[in-house]
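Structure first, commentary second.
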Amino acid sequence: MKNYLLTPNDLSLEDIDNLIDLANDIIKDRSRYEDVCRHKILGTLFFEPSTRTRLSFESAMLSLGGSVLGFSEAASSSAAKGETVMDTVRVVGSYCDVIAMRHPKEGAPLAALRHCDVPLINAGDGGHNHPTQTLTDLVTIAREKGRLDHLTIGFVGDLKFGRTVHSLVEAMSRYEGNRFIFVSPEELRIPAYLKEDLLDAKNIAYTEVERMEDVMGDLDLCYMTRVQRERFFNEQDYIRLKDFYVLDKRKMELAKDYMIVLHPLPRVNEIQPEVDDDPRAAYFRQAANGRFIRMALILSLLGLDQEVERL
Ligand code: NCD
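With the working numbering, letter number 223 in the sequence shown gets 276, and the count goes up by one each step, no holes.
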């Protein structure tokens, strides 16, 4: 495995399998892992707000017996004084053993990588990529569906700016027999680079539709997303598009009994709370898995993944 994670493609399929196996072993009884990272430090450099990703990274390191330092907004770091990301990473790298970094600019972690002496994890860069959310999604799909291939996957919502969508499409296109249905308004369609350079190039089946009701019954997996307000250029467009898709009980009735609903969270209006009690609603299980797959990732990047005997 490489000693950094910037996009899901930095992991081989074997790396992904190993991380999922390790996460599953941690889930079986995490008390066996509670000291493995003692005296290790995770640096969390969050130049953009986050709740789940930052806290799940922190929770992961604390659950391994390690410690955490960092900042949760650019305003409370030296970025506010004009320091470059490269310098921040270089310095913080000398204070810790592994870094998780989130930045509003696409490619910022790549620029930082050359200046970083410890393993670097991209915790989200602008509208580009979010590989640890993808790992969270993959472990959840593997646990819920028992496989990562031959699935019909619907992506619904903001497919233009949603980095979790971009990373997961990249990852799922590496497994055989997966088919994609992209459900979005015209303005928020999946970027051309993913369609042309990835799906067309690999001859992978996909369709683009506007109405969710038309495809609900075909899906094995429905990946809902929030309209990414912070990446819009004007508020009016956001207001017009924000409630374009709302998953409710009525739409769930159109879906297969074994379909699952995922969402990287936070949700705004796009999934009604009435759906939460449906056994097919897997998004809170998914959020919980985020901690365990990040534990697996930290262990692997630190070379400590073989320290505990597997159950
Ligand atoms: C996602 C993100 O930050 O891209 N959230 C997350 O990490 N769980 C999705 C989102 O913000 O909509």
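For every residue, glycine included, the Cβ atom is placed at its ideal position computed from N, Cα and C.
All of these numbers come straight from a predicted model, not from anything done at the bench.
Residues of the same chain with a CB within less than 7 Å of the CB of G146, apart from the 5 flanking positions on each side, are I152, C169, D170 and V171 in chain order. Taking C-beta atoms under 8 Å as the contact rule, L221 and T260 fail to qualify, at a distance of about 17 Å. Annotated three-state conformation of E159 is coil, per DSSP.
The alpha carbon of G215 has as its nearest neighbour, out of L117, A132, L241 and V142, the alpha carbon of L241. Excluding sequence positions up to five before and after V361, its CB lies within less than 7 Å of the CB of R85, Y86 and V89, all in the same chain and listed in chain order. Per the C-alpha coordinates, the member of R293, N175, R303 and A224 positioned closest to A161 is N175. Distance from P184 to T60 at the Cβ level is roughly 6 Å; contact confirmed, criterion being Cβ atoms closer than 8 Å. Of the heavy atoms belonging to the ligand NCD, at least one sits nearer than 7 Å to the Cβ of T106.
Pairing V209 with M277 gives a Cβ-Cβ distance under 8 Å. Excluding five sequence positions before and after T189, the CB atoms of its chain that fall closer than 7 Å to its own CB belong to Q339, N342, G343 and I346, given in chain order.
Across the set M305, D211, I194 and A164, the C-alpha of A164 shows the shortest separation from the C-alpha of L173.
In this structure the stretch 249-259 does not lie against the stretch 290-303, because fewer than three pairs of beta carbons, one per stretch, are closer than 8 Å. Under DSSP, the beta-bridge partners assigned to I174 are L58 and A153. If you draw a straight line from the Cα of C149 to the Cα of F110, it is about 14 Å long.
Measuring C-alpha to C-alpha distances from F337 to each of L355, L354, G356 and I313 identifies I313 as the nearest. In the DSSP assignment, T260 forms a beta bridge with I234. Beta-bridge annotation (DSSP): T106 is not paired with any residue. Residue pairing for M277: DSSP places it in a beta bridge opposite V209.
Among the bridge pairs identified by DSSP, L95 is matched with V121 and V151.
Residue pairing from DSSP places I313 in a beta bridge opposite L274. Per DSSP, A164 has no beta bridge partner at all. Excluding the 5 residues flanking it on each side, D78 has same chain C-beta neighbours closer than 7 Å at R363 and L364, in chain order. Residue environment analysis places D273 among the buried positions, since at least 16 neighbouring C-beta atoms fall within 10 angstroms of its C-beta. Placement of the Cβ of P184 at a distance of 7 Å or more from every heavy atom of the ligand NCD is found.
Cα atoms of R105 and D330: separation of roughly 21 Å, rounded to the nearest angstrom. In the structure shown, the three-state DSSP call for I324 is strand.
Per DSSP, reduced to three states, the secondary structure at N182 is strand. By the neighbour-count criterion, in which a residue is buried when 16 or more other Cβ atoms sit within 10 angstroms of its Cβ, R107 is buried. Going by beta carbons, L72 and A349 fall inside the 8 Å limit. For R216, the CB falls within less than 7 Å of some heavy atom of the ligand NCD. A Cβ-Cβ separation of about 6 Å places L66 in contact with R227 under the 8 Å criterion. In this model, A308 and A224 are separated by some 24 Å (Cα to Cα).
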